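Under the UniProt record's numbering, think of the first position of the sequence shown as 1, with each following residue one higher.
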Amino acid sequence: MGSRRRTQGLRREEVAMLAGISTTYYVFLEQGRAARPSRRVVDALADALQFDPTERALLHALALDMTEEAESAYDAPLDPTLSEIVMHLDPKPAYVTGRYWDVLAANRAARLLWTDWHQLAPPERNMLRWVLTAPAARNILVEWEQEAIALTARFRAAAMRHPEDPAFQLMAEQLMADSPSFKDWWPRHEVAPLTDGTKILRHCDLGEIQLRHIVLQVASNSDHKLVVFQPTEEDQEKIENLLTQAGAWEASVRSGSNAGS
1 MGSRRRTQGL
11 RREEVAMLAG
21 ISTTYYVFLE
31 QGRAARPSRR
41 VVDALADALQ
51 FDPTERALLH
61 ALALDMTEEA
71 ESAYDAPLDP
81 TLSEIVMHLD
91 PKPAYVTGRY
101 WDVLAANRAA
111 RLLWTDWHQL
121 APPERNMLRW
131 VLTAPAARNI
141 LVEWEQEAIA
151 LTARFRAAAM
161 RHPEDPAFQL
171 MAEQLMADSP
181 SFKDWWPRHE
191 VAPLTDGTKI
201 LRHCDLGEIQ
211 LRHIVLQVAS
221 NSDHKLVVFQ
231 PTEEDQEKIE
241 NLLTQAGAWE
251 ASVRSGSNAG
261 S
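Okay, structure coming up:
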């Protein structure tokens, strides 16, 4: 075939030929008219489409229809114990996001460094929406574009795991209307796995701080993701001091309000 073209340039006949299956069977697979394909066929299609490991895993998940278990898990509310653990992790920032990256719980350190999601309207308490549409996010996230592209790709991966869930498409349409960047990136169909790593944040009092983080999926509900950050010892002390100051200020406000009532 000469130089290899990108997969979006391949015709159905070419994909079928590379995967060693008939064009008719490939069309039936596309249309959902064929029986569940074997693992060998799924692997052959992934090879033909030059999928990376993340894309290959998503293809297997879709082919094996692994959505029923996730659906039943999604119906479960956030475990109160998990929410309590998040709060006790202060001054290490921590939060929990749900299927659509809604922020379900966040401790004071996370709200100090990102934004106070508790004060936002319910539709705005969403990590993806905040990153893409909040003006402050571009200043707080030092590597904003890199972070936003990666988050979009992870959201795409989640949407592909739940093709029966129309909420993903609705949210994508809303973000395309509200974020020019998302409108450019979403049609690329890029996917990315949940990963541990490092974030660099900018804070008005702390300056730039680097945080290592891990992402943990909850066993009882894999849609719930616990993200815990580890600052340096020096930055952790600074965060703790800021939280103490904020707590003292809040206490004085409450005391003044009660005295005036």
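Heads up, the beta-carbon is just placed ideally off N, CA and C, and yes, glycines get one too.
Fair warning: this is a prediction, and the values are worked out from it, not measured in the lab.
Distance CB(residue i)-CB(residue j) smaller than 9 Å
i: Met127; j: Asp102; result: yes
i: Val131; j: Asn107; result: no
i: Asp196; j: Arg212; result: yes
i: Glu143; j: Ile200; result: yes
i: Leu10; j: Leu29; result: no
i: Arg202; j: Leu141; result: yes
i: Gly98; j: Leu78; result: yes
i: Arg129; j: Leu170; result: no
i: Pro231; j: Pro93; result: yes
i: Pro91; j: Arg154; result: no
i: Trp185; j: Ala148; result: yes
i: Leu59; j: Phe51; result: yes
i: Val15; j: Tyr26; result: yes
Bounding residues of the beta strand (DSSP E) (the contiguous stretch that carries residue i)
i: Lys199; result: 197-203
i: His213; result: 207-218
i: His162; result: Here His162 belongs to no beta strand (DSSP E), and DSSP marks it neither H nor E.
Whole-angstrom C-beta distance between residue j and residue i, which should lie under 8 Å
i: Leu82; j: Val96; result: 6 Å
i: Glu55; j: Val218; result: The Cβ separation is near 25 Å, so there is no contact.
Any C-beta of chain D under 9 Å from that of residue i
i: Gln174; result: As a matter of chain content, chain D is missing from the structure shown, which is built from one protein chain.
Residue i versus residue j: straight-line alpha-carbon distance, rounded
i: Gln146; j: Arg138; result: 11 Å
i: Phe168; j: Gln245; result: 40 Å
i: Leu89; j: His162; result: 31 Å
i: Ser72; j: Leu216; result: Reliability fails at Ser72, whose pLDDT of 44 lies under 50, so the model's placement of it is uncertain and the value that follows must be treated cautiously. Roughly 19 Å between the two C-alpha positions.
i: Glu13; j: Ser38; result: 20 Å
i: Pro135; j: Val228; result: 24 Å
i: Glu240; j: Ala19; result: 57 Å
i: Asp205; j: Arg111; result: 14 Å
i: Ala157; j: Gly207; result: 33 Å
i: Ala109; j: Asp47; result: 44 Å
i: Tyr74; j: Lys225; result: Here the model assigns Tyr74 a pLDDT of 48, short of 50, so the residue's position is not dependable, and the following value carries that caveat. Going from the Cα of Tyr74 to the Cα of Lys225 covers about 12 Å.
i: Ala248; j: Glu84; result: 22 Å
N- and C-terminal bounds of the alpha helix (DSSP H) containing residue i
i: Ser181; result: 180-185
i: Val15; result: 12-19
Self-check item: Contiguous beta strand (DSSP E) assignments of at least 3 residues, all confined to the stretch 118-148
Solution: none
Exercise. Jot down the residue ranges of each uninterrupted beta strand (DSSP E) in the stretch 88-121, minimum 3 residues, whole runs only, in chain order.
Key: Correct list: 94-97, 103-106.
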